[in-house]
Amino acid sequence: MILGLETSCDETAAAVVTEAGEIRSNIVASQSELHARFGGVVPEIASRRHLELVSPVVHEALDQAGVTLNEIDRIAVTRGPGLIGALLVGLAAAKGIAWGRGLPLVPVDHLHGHVASLYLRPTDLQPPFLCLLASGGHTLLLDVQDRAGFRVVGTTVDDAAGEAFDKGARLLGLGYPGGAAIDRLAREGDPSAYDFPVARVPGLDFSFSGLKTALLYAVRDLSAEVLEQSRADLAASYQRAIVRALVERTEQAADELGAEQVAIVGGVAANSELRSALPDATAAPLELCTDNAAMIASAARYVEPAADPLRLDAYAVA
Ligand code: KG4
Ligand code: ZN
């Protein structure tokens, strides 16, 4: 039994997962309401809130799994990338539990965690596959040959796809975080109402900053009243452009690499239009797309425990 902890951004999460990849509990305390009035995550506020939430969230994960620390064999924790102060809270908590109980501590890369959301039951995807990882911080195409890791074959040259969703939502007055709000509103709009450009960059990379600027110009020219009437059309057209860019590049990469399986993970993989635009891809289950600790515990099954756990440090950038 593995106890996982995740505190890389604004979700305080703990989960209990078995060696066979069965989720026994998966607790996520989101702080997004706390950060909403600032229009984005405030790192220092996130760290402080993690500190308040980490113990209760771990207790809740153990309770819901119906186990105590006596039944836990390993502790898994996100080491990076993410907000450094936020990461340190989870890492310190994990070190404390591991040291106190004499348990191995497994450091997990957050991106490996997102990919490992596919290794939990019932999905239990077997490599090799091509993986699109689209989240608030990353947009990556990954060549996954085994469960222990991946090779990056494409990335974004500017904003991440989730960042594009969040910035778009902000311009449309939909609050933070905005991906899910755009997804909902887009269902009522016409995706061909506006023609937003999708920048094509060489190779298998992505670019989303021009798209955000195009939306800014479109919105700036509208009166408050017209904006109100056009909001759903703008959301639908904007989402269509992001999804099209993601799908085109993913299909191109699958072709070039000769990948027979394609998978999508990360917060943006929760997007309904993206999921239906890639019907043959294996998508992470909705509750495992956004940040959680079950995926971290899952990845820990394929990573060696730290030799000197108390010396582990967090890292902000991949
Ligand atoms: O993976 P995640 O929880 O955190 C990071 O590691 O960044 O991803 C969060 C991102 C946010 O940008 C959020 O707006 C986006 O995922 N997101 C969505 C949807 N649900 C969450 N984007 C588009 N459609 C959604 N339904
Ligand atoms: Zn994430």
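If you read the sequence shown in this note's numbering, its first letter stands for residue 417, the second for the next number, and so on.
All C-beta atoms, glycine included, are put in the ideal place defined by N, C-alpha and C.
Any C-beta of chain C under 8 Å from that of residue i
i    : result
R660 : Absent here is chain C; the protein component of the structure consists of one chain.
Alpha helix (DSSP H) segment containing residue i, residue limits
i    : result
A580 : 577 to 587
E667 : 640 to 673
S692 : 688 to 693
G529 : 526 to 532
G735 : Residue 735 lies beyond the stretch modelled for the chain, which goes from 417 to 734, so this question has no answer here.
L450 : 448 to 452
T629 : 625 to 636
Residue i vs residue j beta-carbon contact at 8 Å
i    : j    : result
A492 : S441 : no
A371 : P613 : No statement about residue 371 is possible, as the shown extent of the chain runs from 417 to 734 and does not include it.
G552 : G589 : no
L557 : A700 : no
V681 : T666 : no
V473 : A429 : yes
L507 : L726 : no
Y592 : L650 : no
L421 : A509 : yes
T494 : G529 : yes
A652 : G584 : no
A502 : S471 : no
L536 : A710 : yes
D489 : T571 : no
D707 : E460 : no
G498 : C547 : no
Residue i: CB within 7 Å of a non-hydrogen atom of the ligand KG4
i    : result
V684 : yes
E579 : yes
C425 : yes
N442 : no
N687 : yes
I598 : yes
P459 : no
D582 : yes
P701 : no
G735 : Only positions 417 to 734 of the chain appear in the structure, and residue 735 is not among them; the question remains open.
G589 : no
G605 : no
Host beta strand (DSSP E) of residue i (start-end)
i    : result
R495 : 490 to 496
A734 : Where A734 is concerned, there is no enclosing beta strand (DSSP E), given that its DSSP letter is neither H nor E.
E720 : First-last for E720: undefined, no H or E at that position.
G420 : 418 to 422
L702 : Premise fails: L702 is in no beta strand (DSSP E) and is neither H nor E.
D479 : That residue, D479, is in no beta strand (DSSP E); its alpha helix (DSSP H) goes 459 to 481.
R567 : 567 to 570
L549 : 545 to 550
D559 : 555 to 560
A430 : 427 to 433
beta-carbon residue i near the ligand ZN non-hydrogen atom, thresh 7 Å
i    : result
H475 : no
Closer than 7 Å: residue i CB and nearest the ligand PLP heavy atom
i    : result
A679 : Inclusion of the ligand PLP in the displayed structure is not the case, the ligand content consisting of the ligand KG4 and the ligand ZN alone.
Beta-carbon separation (whole angstroms), residue i vs residue j, contact threshold 8 Å
i    : j    : result
Q655 : E689 : 6 Å
Distance cut 5 Å, beta-carbon to the ligand ZN heavy atom: residue list by chain order: So the residues near the ligand ZN by this Cβ test are S551, D707.
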